[in-house]
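K.L.:
Shown below is the structure under consideration.
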Amino acid sequence: MATKQAVLLISSYGGNLAQEKNTKKVVDWCEIKKVKVEMVDGADADNRDLRNTLWGISGSRGYPQMFIKTGDDYAFVGDYDGLEGLIETETWDAAFDGVESTEA
Numbered sequence: 001m002a003t004k005q006a007v008l009l010i011s012s013y014g015g016n017l018a019q020e021k022n023t024k025k026v027v028d029w030c031e032i033k034k035v036k037v038e039m040v041d042g043a044d045a046d047n048r049d050l051r052n053t054l055w056g057i058s059g060s061r062g063y064p065q066m067f068i069k070t071g072d073d074y075a076f077v078g079d080y081d082g083l084e085g086l087i088e089t090e091t092w093d094a095a096f097d098g099v100e101s102t103e104a
């Protein structure tokens, strides 16, 4: 069975304050929930193709966006609002079931 990995699409390029705060909050949620996350900087030219692929999967251009990678396939989990909804409705754990953990 392929490993499931959380992938967070972010931007290191300024953007706006709300985007930066939202990204930090998502990273904090992942730490609290012990979800191991691979960060993909969409502002990095080396990540342009992957960023565009992820945007195509989500149907949205923006940051932050969370995906679960299984093998070579990505599934969109949500943008900031969607992830906040998972926290508020206590469905985060189910959405990330089987994803690599930061716990040894």
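To convert, note that position 104 of the sequence shown is 104 in the UniProt record's numbering; the numbers rise steadily by one, no gaps. Here a beta-carbon is modelled for each residue, glycine too, at the ideal position from N, C-alpha and C.
Let me know the secondary structure DSSP gives Ala-94 once reduced to three states.
P.N.:
Note: Ala-94 maps to helix in three-state DSSP.
K.L.:
With distances taken Cα to Cα, identify the nearest neighbour of Lys-36 among Ala-43, Arg-61, Ala-6.
P.N.:
Ranking Ala-43, Arg-61, Ala-6 by Cα distance to Lys-36 puts Ala-6 first.
K.L.:
For the beta strand (DSSP E) containing residue 121, name the first residue and the last one.
P.N.:
Nothing about residue 121 can be read from this structure; the chain reaches only from 1 to 104.
K.L.:
Can you tell me where the alpha helix (DSSP H) holding Ala-43 begins and where it ends?
P.N.:
That residue, Ala-43, is in no alpha helix (DSSP H); it is neither H nor E in DSSP.
K.L.:
Three-state secondary structure (DSSP) at Ser-101?
P.N.:
In the structure shown, Ser-101 sits in a strand (DSSP, three-state: E or B).
K.L.:
According to the Cβ coordinates, are Leu-50 and Met-66 closer than 9 Å?
P.N.:
No, they are not a contact pair.
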